[in-house]
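Note sheet for the following structure.
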Amino acid sequence: QVQLQQSGAELVKPGSSVKISCKASGYTFTSYDMHWIKQQPGNGLEWIGWIYPGNGNTKYNQKFNGKATLTADKSSSTAYMQLSSLTSEDSAVYFCARGVLDYWGQGVMVTVSS
Amino acid sequence: DIQMTQSPPSLSASLGDKVTITCQASQNINKYIAWYQQKPGKAPRQLIRYTSTLVSGTPSRFSGSGSGRDYSFSISNVESEDIASYYCLQYDNLRTFGGGTKLELK
Numbered sequence: 081q082v083q084l085q086q087s088g089a090e091l092v093k094p095g096s097s098v099k100i101s102c103k104a105s106g107y108t109f110t111s112y113d114m115h116w117i118k119q120q121p122g123n124g125l126e127w128i129g130w131i132y133p134g135n136g137n138t139k140y141n142q143k144f145n146g147k148a149t150l151t152a153d154k155s156s157s158t159a160y161m162q163l164s165s166l167t168s169e170d171s172a173v174y175f176c177a178r179g180v181l182d183y184w185g186q187g188v189m190v191t192v193s194s
Numbered sequence: 030d031i032q033m034t035q036s037p038p039s040l041s042a043s044l045g046d047k048v049t050i051t052c053q054a055s056q057n058i059n060k061y062i063a064w065y066q067q068k069p070g071k072a073p074r075q076l077i078r079y080t081s082t083l084v085s086g087t088p089s090r091f092s093g094s095g096s097g098r099d100y101s102f103s104i105s106n107v108e109s110e111d112i113a114s115y116y117c118l119q120y121d122n123l124r125t126f127g128g129g130t131k132l133e134l135k
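Structure representation (structure tokens):
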């Protein structure tokens with residue numbers, strides 16, 4: 081069965097960076113886009129961007145250009161998102177989701193605090 | 030970028046009611062809309078894709094319709110387990126979520 085297993089919660093300092101992961105199993109990793117979605121506490125869902133692991137192509141929501149960097153490791157079927165220059169506005173749960181967003185990871189809580 | 034305007038932001042219903050949520054896209058999205066249910070602390074769950082196709086496991090009391098820019102999602106005979114937030118998603122061009130609708134019990 082399709083599973084997306086995300087890394088654990090992160091507590092990071094303002095101005096720093098964080099890299100979170102999403103390990104895929106149960107399907108051919110290189111055949112589907114992997115998307116990333118942000119949800120701030122009490123708020124709605126916001127699409128960050130996608131990566132196509134087959135060729136590494138990426139597409140971003142303009143709002144997240146320069147904030148998020150998406151990569152993928154075909155050998156381990158793992159997608160990554162790095163968030164840089166973190167501020168309190170980046171404190172949120174981050175989800176990965178496949179393709180037409182039919183399967184989702186469990187989410188990673190990132191807290192930015194000094 | 031395509032914008033999705035979802036309404037209402039919140040909805041109060043009694044058990045057994047029928048409720049409807051709408052999403053309007055800023056341009057034609059060619060029926061490429063999906064609907065999600067999210068409960069607190071959980072990842073969203075896809076209920077419907079391509080406007081009206083129920084995802085495996087979605088109860089038949091859920092339905093979707095629409096075309097062009099205008100789409101709707103309904104729950105007939107609301108049950109207690111349906112209390113959640115609901116989101117639309119367009120996937121015709123990149124991805125855009127609607128603002129969400131919180132369904133509460135009256």
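Those protein sequences? They're chains A and B, same order as listed. Take any residue in the first sequence, note its place counting from 1, add 80, and you have its number in the numbering used here. Take any residue in the second sequence, note its place counting from 1, add 29, and you have its number in the numbering used here. The C-beta atom is built at its ideal place from N, Cα and C for all residues, glycine as well.
- Looking at the DSSP output, B:Asp99 sits in a beta bridge with B:Gln53 and B:Ser96.
- The bridge partners DSSP lists for A:Leu163 are A:Val98 and A:Ala148.
- In the three-state reduction of the DSSP assignment, A:Glu126 falls in the strand class, which pools E and B.
- Using a Cβ-Cβ cut-off of 7 Å, B:Tyr120 counts as an interface residue toward chain A, since at least one Cβ of chain A sits closer than that to its own.
- Distance between B:Ser92 and B:Pro73, taken at the CA atoms: about 17 Å.
- Looking only at B:Ser89, B:Arg124 and B:Cys117, the smallest Cα-Cα distance to B:Gln66 is reached by B:Cys117.
- Chain B has no Cβ within less than 7 Å of the Cβ of A:Gly106.
- Pairwise C-beta distances place the segment 86-103 of chain A out of contact with the segment 40-52 of chain B, as fewer than three of them are shorter than 8 Å.
- For B:Thr87, the closest alpha carbon among the candidates B:Arg98, B:Lys135, B:Asp99 and B:Glu110 is that of B:Glu110.
- The CB of B:Ala63 comes closer than 9 Å to the CB of Val180, Leu181 and Asp182 in chain A, given here in chain order.
- Going by DSSP, B:Arg90 is part of no beta strand (DSSP E) at all; its letter is neither H nor E.
- Linking B:Ser105 to A:Tyr140 through their CA atoms gives a straight-line distance of about 37 Å.
- In chain order, Ala72 make up the part of chain B whose C-beta sits under 7 Å from the C-beta of A:Gln186.
- Inclusion of A:Gly124 and B:Gly129 in the CB contact set at 7 Å is warranted, their separation being smaller than that value.
- In the DSSP assignment, A:Asn137 falls within the beta strand (DSSP E) that extends over Asn137 to Tyr140.
- Within chain B, the residues placing a beta-carbon under 9 Å from that of A:Trp127 are Leu118, Leu123, Arg124, Thr125 and Phe126, ordered along the chain.
- Using a Cβ-Cβ cut-off of 8 Å, A:Lys139 is close to Leu123 of chain B, given in chain order.
- Nearest Cα to A:Lys99 within the set A:Tyr183, A:Gln162 and A:Gln119: A:Gln162.
- Scanning B:Lys47, B:Gly127, B:Ile31 and B:Ala63 for the CA closest to the CA of B:Ser94 turns up B:Ala63.
- Secondary structure at A:Ser111: helix, using DSSP grouped into helix, strand and coil.
- Contact between A:Tyr160 and A:Leu84 fails: their C-beta atoms lie close to 13 Å from each other, not under 8 Å.
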